[in-house]
Amino acid sequence: MSALIAEDEIVHEVEFVWLEDIDRLDYVRQSLDRLPTRRGRPAYHRDGRMVGYALLGPQAKPSRSSGTFRRRVFWLLPHDRDTDPDGLYTTGAPAEAVDPRTLAPGCKGYKTERSEGGPPSTAMRELGITLPL
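Counting in UniProt numbering, the sequence shown runs from 1 upward without gaps.
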């Protein structure tokens, strides 16, 4: 989903609230959720856990149709690398994942060698593909 998050959708972010130490996380999943307020901790309705969320400035306007605000929420699922290092994401990362060290308010972030679980594969090197994607 990070590729689907446009810079203009997150332009009114002023701060992130991290609920965990992001220096210990190789990646976080991010999504744009429709929330009733600009600030405050949102309710969380996914499996796994919320690890952070964005706060919006007063210039952010609610949707005309729903009255909600689009805010980023950062989260992890039970099978992600931080809790299952030998599992599905031993290498690679989910499509909506980014390295949390590349995030800033108004910046969508990107994948890095660390978020992908190690150095580029032989195929990536042969094709000349480098990170960030």
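Heads up, the beta-carbon is just placed ideally off N, CA and C, and yes, glycines get one too.
Computed from a prediction, not measured in an experiment: that's the story for all the values here.
Enclosing beta strand (DSSP E) for glutamate 13 [first to last residue]: In the sequence shown, counting from the first residue as 1, residue 13 sits at position 13. From DSSP, the beta strand (DSSP E) with glutamate 13 extends over 13-18.
Under 8 Å between C-beta atoms of histidine 79 and glycine 67: In the sequence shown, counting from the first residue as 1, residue 79 sits at position 79. In the sequence shown, counting from the first residue as 1, residue 67 sits at position 67. Not in contact: histidine 79 and glycine 67 (Cβ atoms no closer than 8 Å).
Assigned exposure category for serine 2 - 16 Cβ within 10 Å defines buried: For the purposes of this step, residue 2 is identified with residue 2 of the sequence shown, where counting begins at 1. For serine 2, the predicted model reports a pLDDT of 44, less than 50, meaning its position is unreliable and no value from the coordinates is stated.
Any beta strand (DSSP E) of 3 or more consecutive residues that is wholly inside the stretch 47-88: 49-56 and 69-76
Rounded straight-line distance, which links the Cα of glycine 117 to that of arginine 38: Translated into the one-based positions of the sequence shown, residue 38 becomes position 38. Translated into the one-based positions of the sequence shown, residue 117 becomes position 117. One C-alpha to the other measures close to 34 Å.
Beta carbon of tryptophan 75 nearer than 8 Å to that of arginine 49: By one-based count along the sequence shown, residue 75 stands at place 75. By one-based count along the sequence shown, residue 49 stands at place 49. Going by C-beta atoms, tryptophan 75 is nearer than 8 Å to arginine 49.
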